Each structure stands twice: as structure tokens, then as C-alpha cells.
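Residue numbers (the working numbering): 52 to 631.
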Amino acid sequence: MRTHTCGALRLSDIGQTVSLCGWVARRREHGEKLAFVDLRDHTGITQCVVDNDVDVRSEYVVRITGVVRARPEGTVNSALPTGEVELGECVVEVLRKADPPPFPIDARADEVDEGIRLQHRYLDLRRERMQRNLRLRARVNSAVRAAMEEQGFVEVETPMLVPSTPEGAREFLVPSRKEPGAFYALPQSPQLFKQLLMVAGVDRYYQMARCLRDEDLRADRQYEFMQMDMEMSFVNQDDVLAAVSHSVLAAAEAATGVRPPDIERITWREAMERFGVDKPDLRFGMELVELTDVFASTEFKAFAGAASIKAICVPAQNTVVDISSFGRNQLDRLTDRAKKIGAKGLVWLKVTEDGIESPVAKFLSESETAEILVRTGAQAGDLVLIVADSWMTTCEVLGQLRNDMGRPPVHEGPYRYVWVVEFPLFVGVSAETGQPKPGHHPFTTPHPEDIDLMETDPMAVRSIAYDLVLNGWELGSGSIRIHEPDLQRRVFSVLGISDEDAAKKFGFFLNPFNYGAPPHGGFAFGLDRLVAVLAGEENIREVIAFPKTQSGTDPMTNAPVAADPRQLAELGLRVLPAAT
RNA sequence: GGUCCCGUGGUGAAGUCUGGAGUUCACGCCGGCCUGUCAAGCCGGAGGUCGCGGGUUCAAGUCCCGUCGGGACCGCCA
């Protein structure tokens with residue numbers, strides 16, 4: 052039907068008779084004998100000069116046949132790649148009339164209520180921004196696949212109907228028709244299957260895997276999302292990181308045209324010390340500054356005896372917040388924020404030309420104040436925020452404030468990838484059992500140097516678990532798995548899981564290991580998040596063709612909908628009346 | 001489960017604090033004019049359950065309570 056796309060024509064095509072197909076983006080009428088019709092498809096826009104009276108309106112689908120000609124002098128549109136030419140002597144065929152769209156099919160729809168965009172997603176996706184995102188995503192997918200294949204990974208598909216597993220995220224359940232009362236679960240990840248593929252000798256597995264988790268939605272979380280899931284045998288951590296890095300960097304290059312440098316690596320401990328979070332955004336400074344020793348023998352009661360005292364310096368030159376406008380009100384609000392995050396309080400110091408201004412200034416000795424300024428490097432106009440608490444709380448509170456005060460928008464600044472390694476094996480304590488909880492999952496290998504601490508000081512044990520972080524977004528995580536039963540038993544023991552419990556909960560998964568499990572490890576990263584950052588989008592919904600709203604509905608299809616009673620009967624289900 | 005923000009012709013906003021006739025602006029839509037525009041221009045017109053329900057009041061878009069929808073976040077996401 053068409054000889055060219057709407058973004059294709061250039062001066063070199065002048066004289067050709069061509070046919071274009073697309074949607075009417077805009078029509079500028081100058082009386083019956085002259086109208087400019089901007090024809091749009093996913094490649095761009097071409098101006099067509101129509102000199103007969105044809106009724107074409109916004110979003111009509113048309114085929115226009117005409118002759119490519121140079122635009123008259125002074126009428127070139129430098130904003131369009133096709134702006135030096137136009138289509139003349141146009142014959143217009145209306146392929147399909149269209150109602151006026153509920154919102155403009157251009158950049159103005161960025162301002163339209165997202166519910167309305169989702170209700171008419173097929174129109175929203177017609178827009179240049181969304182087409183760009185869809186196509187960027189496709190390039191990333193393709194590059195990731197190619198990079199994995201190139202490294203000898205074999206794509207294996209795993210089932211969507213799986214048994215429910217005891218640990219982890221809440222699952223979506225699917226009732227069994229043949230066995231009323233029994234349910235499948237939709238996979239929150241292919242974790243078990245990919246490890247069994249290692250037992251099966253697949254050696255290097257990958258999959259673009261759809262994962263489903265029935266947890267509350269966020270800007271970076273949907274019920275269903277895609278992971279590049281991989282697992283490999285006879286490897287150590289370096290092998291896994293290298294394989295994933297290769298894939299992620301190839302994806303980044305495909306998306307942006309620039310191959311990022313090798314991905315740097317920091318330990319979890321260092322990430323917490325310097326940035327106060329386990330997913331640090333390396334695009335900006337404001338790192339946490341150690342002050343504990345400065346106050347070793349302080350008179351200031353709030354600092355005396357604190358396990359950890361740290362500070363961040365918010366520079367006056369700061370694109371995110373304007374410190375100079377900070378009055379008492381904003382500073383009080385910062386303190387409230389710190390308390391909400393878990394600090395007992397927050398000490399602030401405004402640095403001025405002739406010293407400092409702070410409610411606690413009179414409690415600090417001259418040498419203490421001087422040392423604060425030296426260590427933080429604070430200059431006049433800067434704001435210093437200090438927290439004194441347990442090491443963890445101090446880091447976390449300042450890390451959050453650092454992000455609040457300094458984190459640039461996602462589309463700004465360079466891409467800063469970082470591997471965070473040596474995550475703690477255990478994190479926190481289970482409210483039910485009083486035992487430590489697994490940091491990653493219960494099959495993660497403890498760090499060899501720390502294995503002997505497992506029974507005596509479990510919370511100090513590091514693991515061979517790692518996260519990949521990009522500009523403060525957690526892209527994914529992985530670990531070297533335990534393949535050896537004695538070690539697995541020791542970890543279970545710390546978790547408070549007896550041999551009997553383990554057999555009951557994980558038997559179907561662990562018994563196969565007895566037939567010969569190779570040492571193995573793997574990783575999975577979220578495609579949606581990677582694509583969102585590469586696309587400069589704050590929200591993964593912008594890179595998903597048909598996403599759900601925060602409450603888990605789809606305004607276009609109205610999903611979820613009540614089930615037909617006959618369907619329920621067939622499944623042996625009855626819906627309880629809503630509790631009142 | 002919780003905190004906060006938003007809901008006003010098809011779209012985006014102002015009006016809400018401080019109650020007084022559905023008032024205003026821009027885009028879109030319909031009609032007319034218009035031969036070089038390009039998010040064309042000019043003239044005219046249509047289009048509303050101010051999310052929904054209840055309350056206070058002589059009077060509610062505006063105040064109060066509830067509810068629904070959208071968004072950001074906490075919890076949750078091994």
C-alpha cells in the first residue's frame with residue numbers, strides 16, 4: 052500500500068511519485084483549494100499539500116499518493132527530519148474515518164491524567180514518546196538475548212502454572228478445575244526451575260521470564276514484570292558478574308548508542324558507609340562523613356556514647372533543593388523526616404560567613420565544630436546534617452536524606468552502574484520464630500571467610516550475594532547457591548528450620564540435589580526497570596505497553612472482573628460476601 | 001493496613017483557604033472565512049450531575065463526614 056514511511060522522505064527523493072500511509076496528525080486549512088495535512092506513522096511526519104477539497108480530520112487513517120517536491124524557499128521546517136520536502140499533487144484515500152481522540156496524540160498528552168491515557172492506551176501508544184519507549188525496549192530485549200546466546204546460554208522456558216512455595220512474595224493463585232480446592236500458583240520467579248536445570252546439566256540457562264507477585268504496586272513495581280533470568284554451573288561470583296555485565300552493557304549500548312565503562316564494584320558495607328543505602332545513586336556526591344571519633348569525649352548529651360555519628364553536607368550549589376531558602380520551618384520538617392525514618396533526632400548546622408548557625412551550637416566545643424567543617428568540607432551557605440544512633444540507623448537515615456536532598460531526576464546525569472557485593476547472609480529477625488531471616492534467600496552461600504561465625508555471630512556473616520544497581524535503582528540480584536547438603540543444613544539451622552521442616556518445605560527442590568548438583572550461581576534483573584532508566588522514565592508503566600494502575604486494575608479492559616457463577620461452580624469455588 | 005496529594009464541559013488549568021447565579025483561560029470539537037501553513041490565523045457556536053452519597057447553611061464547586069477513582073510513599077516486595 053505504501054512506498055515509503057512518513058519519516059523517510061528527503062531532498063534526494065524529489066520527483067518521485069510515492070504513497071504514504073498513516074494517521075492525520077494535523078490539518079491546516081487555507082480555504083477550499085489549499086490544506087496542509089501532516090501525516091504521521093511511527094517513523095515521523097510528512098507534510099502533504101492537498102489542493103482539492105477532501106474531508107480529512109484528526110486521526111483519520113489515510114493513504115496519500117503524491118509527488119515529492121522541495122518546499123518553497125522560506126517554508127522549510129527545520130524541526131522535522133522531513134522538513135525540507137513535502138508531498139504535492141496529493142490524492143487522498145480515506146481508509147478509515149476516526150472520532151476525535153479524547154486527548155491530543157502528541158507531547159501534550161504527557162499532562163493528561165494517566166487513568167485516561169491507560170483507558171485509551173492504544174491512542175497513548177500512538178504517540179512518539181511511547182513508540183520510542185516500546186522500540187527501545189525491543190532493542191534492549193534483542194541485545195540482551197544476543198549477548199546471552201553469544202556467551203553460550205541456552206534459553207529454556209519454565210512453566211507458568213507451578214506449585215505454591217512457602218517463602219517469598221504473595222502469589223497469584225489459579226484454581227484447578229480437575230481437582231477442586233487445589234491451586235496452582237503463578238511464578239514469582241523461575242528460581243527453583245533454573246536451579247534444577249543446573250542439576251539437569253544445562254550448564255548455562257537464561258530466559259526472558261515473566262514474573263508475577265501479588266504485592267502492592269509502585270512506580271517501579273507491577274504485578275507482572277519481566278526478568279532476564281540466568282543461572283550457570285561450575286562458576287564463582289566473578290563469572291556470574293562478568294556474564295551479566297556483558298549482557299547489561301550490550302543492552303545499554305543498544306539503547307543509547309554508547310557502551311558504558313566496566314561496571315564498578317563496592318561491598319554492601321561500603322555502600323552503607325558511604326551512601327547509607329544498599330542501592331546507591333553514584334551520580335552525585337554528598338557522601339556520608341564519619342564523625343564518631345570526633346565526639347568520643349563530647350559534652351553534648353545527644354552525641355555522647357552514640358555508636359555511630361555521621362553527617363552529610365548539602366551544598367548551597369545544588370540543583371535539587373535550594374538550601375538558601377531553608378528557614379526554620381523546612382529545617383523542622385527535615386527533623387521530622389529523620390525521625391520518621393528512625394532517627395532519635397537530627398542536628399543541623401547552617402554554615403555562614405562567620406561561623407555556624409545551629410540550635411545546638413552552644414553545646415559543641417570549638418574544636419568539635421571546627422572538625423565538623425573540616426571533615427565535611429562545608430563552605431559558607433552549605434547545610435550540614437548530623438545523625439547519632441546505631442550504625443545501621445545512622446547510615447539509613449542519612450542515606451535517605453541524601454537521596455531526598457540531592458538525587459537528580461532519572462533522565463539526568465550519566466549512567467552509573469555498580470555491583471554491590473557481600474550482602475549480609477541474614478537480615479533482621481523473624482517476628483514469629485525469633486530467628487534470623489535470610490537476606491537474599493535460604494539457598495545463598497555464606498562468604499567462605501565468615502562460615503565459622505554462622506553459629507556464634509550470624510548477623511555478621513556475609514554472603515556471596517550481589518545486587519546490580521543503576522542510578523539508585525535496584526535492577527536485580529543474585530547469588531552463588533549452596534549445592535552441598537551439610538552447609539545447607541547449617542544455614543537452615545540458623546534460620547530455625549529443622550531437617551524435618553526443610554524436607555517438608557523444600558524437599559521437592561532439594562532432593563534432586565542428591566542426584567548430583569553442580570556448584571552454581573545466577574542472577575536476574577528487571578527488564579522494565581532497566582528500560583525505564585535508559586528511556587529516562589521515572590515510572591515503569593511508561594515502558595510497559597499495557598500496565599496496571601496502582602490499585603492493580605486495567606482501565607482499558609476493566610480487569611479484574613467478577614467471575615461468571617458458572618465458571619466458579621465448575622472450579623468448585625464460592626465467593627464469600629464482603630466483610631462489613 | 002497506613003500517610004499525603006489530586007478529581008471542575010472531550011483535554012489541561014484557575015476558582016475551594018475567605019460559601020452568594022456553572023464564572024474564567026488555553027487546547028480540542030462544530031460552522032463560516034481564508035492559496036504557504038507547520039501545536040496556522042480571524043469570526044461565530046455548541047458542549048457541565050464541579051467523581052459519587054450524606055450533612056451544615058437562607059445559600060455548597062467551595063465547609064464537615066463518608067465513599068469511589070487516580071498518583072507518590074510507608075508497610076509489603078525471601
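Just so you know, even glycine gets a beta-carbon here, dropped at the ideal spot from N, CA and C. As the structure is a prediction and not an experimental result, all values here were calculated from the model.
Ranked by Cα distance from Arg-196, the first of Arg-625, Asp-271, Asn-184, Val-295 is Val-295. Between Ser-409 and Val-425 a beta carbon distance of about 16 Å is seen, past the 8 Å cut, so the two are scored as non-contacting. Take Pro-489, set aside five residues on each side of it, and no residue of its chain has a beta-carbon closer than 6 Å to its own. In the DSSP assignment, the residues bridged to Gln-278 are Ala-260, Gly-577. If you ignore the 5 residues before and after Arg-592, its C-beta comes within less than 6 Å of the C-beta of Pro-598, all in its own chain and listed in chain order.
At the C-beta level, His-534 and Ser-514 stay beyond 8 Å of one another. In its chain, beyond the 5 residues on either side, Ala-86, Val-88, Cys-141, Val-143 have a beta carbon closer than 7 Å to the beta carbon of Val-101.
Burial state of Phe-354 is buried, judged by a 10 Å Cβ sphere holding 16 or more other Cβ atoms.
Within the stretch 502-588, the beta strand (DSSP E) runs of at least 3 residues that lie entirely inside it are, in chain order, 516-521, 524-531, 571-577. Under DSSP, Ser-70 shares a beta bridge with Thr-116. Residues of the same chain with a CB within less than 8 Å of the CB of Glu-404, apart from the 5 flanking positions on each side, are Ala-431 in chain order. When the beta-carbon positions are compared, Gly-327 and Arg-453 come within less than 8 Å of each other. Of all alpha-carbon atoms in Tyr-256, Ala-233, Gln-246, Pro-152, the one lying nearest the alpha-carbon of Glu-200 is that of Tyr-256.
Counting only runs of 4 or more residues that sit fully inside the stretch 424-502, the alpha helix (DSSP H) segments are 442-457, in chain order. With the rule of 3 Cβ pairs closer than 8 Å, the stretch 594-611 counts as touching the stretch 154-170. Distance from the CA atom of Val-512 to the CA atom of Arg-180, rounded to whole angstroms, is 47 Å. Counting along the chain, Phe-326 sits inside the alpha helix (DSSP H) bounded by residues 319-326. The closest CA to that of Gln-170, considering only Pro-152, Leu-71, Val-520, is found on Pro-152. Counting along the chain, the unbroken beta strand (DSSP E) around Ile-96 starts and ends at 95-101.
By the C-beta density criterion, Gly-523 is buried, having at least 16 other C-beta atoms within 10 angstroms. Bridge pairing for Glu-162: absent [DSSP]. Here the C-alpha atom of Lys-413 lies approximately 10 Å from the C-alpha atom of Thr-420. By the neighbour-count criterion, in which 16 or more other beta carbons inside 10 Å mark a residue as buried, Lys-401 falls on the buried side. With distances taken between CA atoms, Ala-568 lies nearest to Pro-536 out of Pro-536, Glu-324, Leu-382. Residue burial annotation: Leu-434 is buried, with at least 16 other C-beta atoms found within 10 angstroms of its C-beta. With respect to Thr-496, Arg-541 sits apart: the two C-beta atoms are not nearer than 8 Å. Distance from the CA atom of Ala-553 to the CA atom of Ala-394, rounded to whole angstroms, is 38 Å. Under DSSP, Ile-167 shares a beta bridge with no residue. Annotated as proximal: Phe-474 and Asp-518, with beta-carbon spacing under 8 Å. Burial state of Asn-562 is exposed, judged by a 10 Å Cβ sphere holding fewer than 16 other Cβ atoms. Excluding its 5 nearest sequence neighbours in each direction, Gln-288 has C-beta neighbours in its own chain below 8 Å: Val-472, Ile-515, Tyr-517, Ile-531, Gly-572, listed in chain order.
Residue environment analysis places Gly-117 among the buried positions, since at least 16 neighbouring C-beta atoms fall within 10 angstroms of its C-beta.
Taking a C-beta distance under 8 Å as the contact criterion, Trp-442 and Ser-348 do not qualify as a contact pair. Secondary structure at Leu-339: coil, using DSSP grouped into helix, strand and coil.
Setting aside the 5 residues that flank it on each side, Ala-220 is surrounded in the same chain by Gln-239, Arg-264, Glu-266, each with a C-beta closer than 6 Å to its C-beta; the list follows chain order. Contiguous beta strand (DSSP E) elements confined to the stretch 198-250 occur at 224-226, 234-236, taking only those with 3 or more residues.
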